[in-house]
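> Would you mind keeping the following structure in view while I ask a few things?
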Amino acid sequence: VVACTQAPYMDRDDVAKVLGLAVDKVRIVPTATGGGFGSKLDVSLQPLIGLVAMKTGRPAALAYTRNESMISTTKRHPAEMKATIGADADGRIIGMVFAGDFNTGAYASWGPTVANRVPVHASGPYATPNYRAEGRAIHTNGPISGAFRGFGVPQATIMQETLYDELAEKLGLDRLEFRLKNCLRNGSETVTGQRLESGVGIAECLEALRPHWTRALVDAELFNAGSSTKKRGVGVASCWYGCGNTSLPNPSTIRVGISAEGDVVLHQGAVDIGQGSNTVIAQICADAVGLPLEKFRLKSADTAITPDAGKTSASRQTFVTGKAAEKAGRALRETMLRFANVSEKAAIALDGASLVIREGEATRHIDLSTLKADADGLVFRAEESYDPPTLPLDARGQGKPYAVYGYGAQIAELEVDLKLGTVKLIKITAAHDVGKAINPLLAEGQI
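If you read the sequence shown in the numbering used here, its first letter stands for residue 6, the second for the next number, and so on.
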């Protein structure tokens, strides 16, 4: 089955169940069609075209109309939320109570996942010493809701950031300064009791916005003083997001090898739907092996030939599959160095079908065409997996739900026409902590 998907191995298992086939009788080949944002985590047309092909004994194709696509795919969860946030006289957050009901429609889809993720994130990236949160996925007779960018976190973020604005106003504090006073930092504990030892970049994001915030407030004040029919406002908000599944295993596996012809063959099963994983994961592996990217030949996601790299969701592929690619690349390098009986300091290169190894003044050429190749045509190979270290949440919601989080903050400048009631976006200034950008151009495109 050739179809656009975010989770080919999950599709394979689902199609096999629907059609009554053994798993190894189903092959899913993702297309290069971009986009997904969660809606392609559920199967839609895959079992249908499989059924037609089985019944007719002929190839089959199916393309949805816009209406059919809207009917057959999941949507973002509508939410009804209530929250109370309190702070002391100095402006320090002392507690929050949150409850959210998420309308998951007639079928569960990823509703339970949304309900589990939201309470972890509903505090925002702020230190909140006293916290109670509950999320519920509720069945209705409405459209099916499922995975959609953020898994319910954007809905909660709108509420929490609005409340923080109101709280800052009551305290007489600048909205940006209030966030800086309360944001998580290295060594802070999250609401799940997870201590964040390093990599907490929200303060740096907010600090980066400070001069833009000051300028935007002045610009809005000057504009409003001279206009009676239009007014401008400035908003600021923070975000954070745990990478990967919530307190659940989500491993990725990568296979990489050297062919008898002198190519580096990367079996990379992470679906690239526009975020650039084909490029980034190959870059990571190339660095680990110590060979240039142009020597790599990519075998993209295909359940018949690539290992399971997990689903493309929850902002996990660069982190999780990228780490698996690094491990596999290092393992392949070690295999070649051991074969040549040289140290880890040796340099390697490929010259046609020859593996060139240099250590000190010595240079050795290994004719790859003389070595025995495996079923994949590889004379050297390595396969490694990576599963982020997480811990389950206990009955009190305490644990380590994610190995790492992403952070960001933005300023929005708006103009409102008081007569027409229309809103015009003037400018958004964004500051995101991307860590070390593997590919700066792709990272910029994502932001």
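Ideal Cβ positions, reconstructed from N, Cα and C, are used throughout, including at glycine. Predicted, not measured: the structure shown is a model, and the values here were computed from it.
I need the boundaries of the beta strand (DSSP E) containing K429, first residue and last residue.
First-last of the beta strand (DSSP E) with K429: 428-438.
> May I ask which residues mark the beginning and end of the beta strand (DSSP E) holding F107?
The continuous beta strand (DSSP E) containing F107 extends over residues 98-110.
> Just to confirm before moving on: does the CB-CB distance between G105 and S150 stay below 8 Å?
No, the pair does not count as a contact, with Cβ atoms beyond the cut-off.
> Does the structure place the segment 276-296 close enough to the segment 312-327 that three or more beta carbon pairs sit under 8 Å?
yes
> How many Å lie between G177 and L185 at the Cα?
Between the alpha carbons of G177 and L185 lies a distance of about 15 Å.
> If S193 and L201 are in contact, beta carbons under 8 Å, what's the gap, nearest whole angstrom?
5 Å
> Should A408 and P393 be called a contact, given that it needs their Cβ atoms to be closer than 8 Å?
yes
> Pair every Cβ in the segment 112-119 with every Cβ in the segment 238-247, then say whether three or more of these pairs are closer than 8 Å.
No, because fewer than three Cβ pairs between the segment 112-119 and the segment 238-247 fall closer than 8 Å, the two stretches do not touch.
> With three or more beta-carbon pairs closer than 8 Å as the criterion, would you say the segment 416-427 touches the segment 293-308?
With the cut-off at 8 Å, the segment 416-427 and the segment 293-308 do not touch.
> At which residues does the alpha helix (DSSP H) containing Y14 begin and terminate?
13-24
> Determine, using beta carbons only, whether C248 and Y410 come nearer to each other than 8 Å.
yes
> What residue range does the beta strand (DSSP E) around Q51 cover?
Segment 51-61 is the alpha helix (DSSP H) holding Q51; no beta strand (DSSP E) there.
> Strictly by DSSP, which residues pair up with T258?
S390
> Would V361 and A265 qualify as a contact pair, given that the criterion is a beta-carbon distance under 8 Å?
no
> Alpha carbon to alpha carbon, what distance is there between R190 and A208?
One C-alpha to the other measures close to 7 Å.
> Can you look up T326 in the DSSP assignment and give me helix, strand or coil?
helix
> Taking only three categories from DSSP, how would you classify C248?
Coil.
> Can you say whether Y69 is buried or exposed, counting buried as having 16 or more other CB atoms within 10 angstroms of its CB?
exposed
> Tell me whether R200 sits in a helix, a strand or coil according to DSSP, three-state version.
strand
> Between which residues of its own chain and T234 is the CB-CB distance below 8 Å, once the five residues before and five after are set aside?
D422, L423, K424
> At what residue ranges does the segment 276-359 contain a whole run of the alpha helix (DSSP H), taking only runs of 4 or more?
282-294, 327-345
> Which residue's Cα is closest to the Cα of A88: H272, Y169, E364, G274?
Y169
> What is the DSSP secondary structure of D224, reduced to helix, strand or coil?
Here D224 sits in helix by DSSP.
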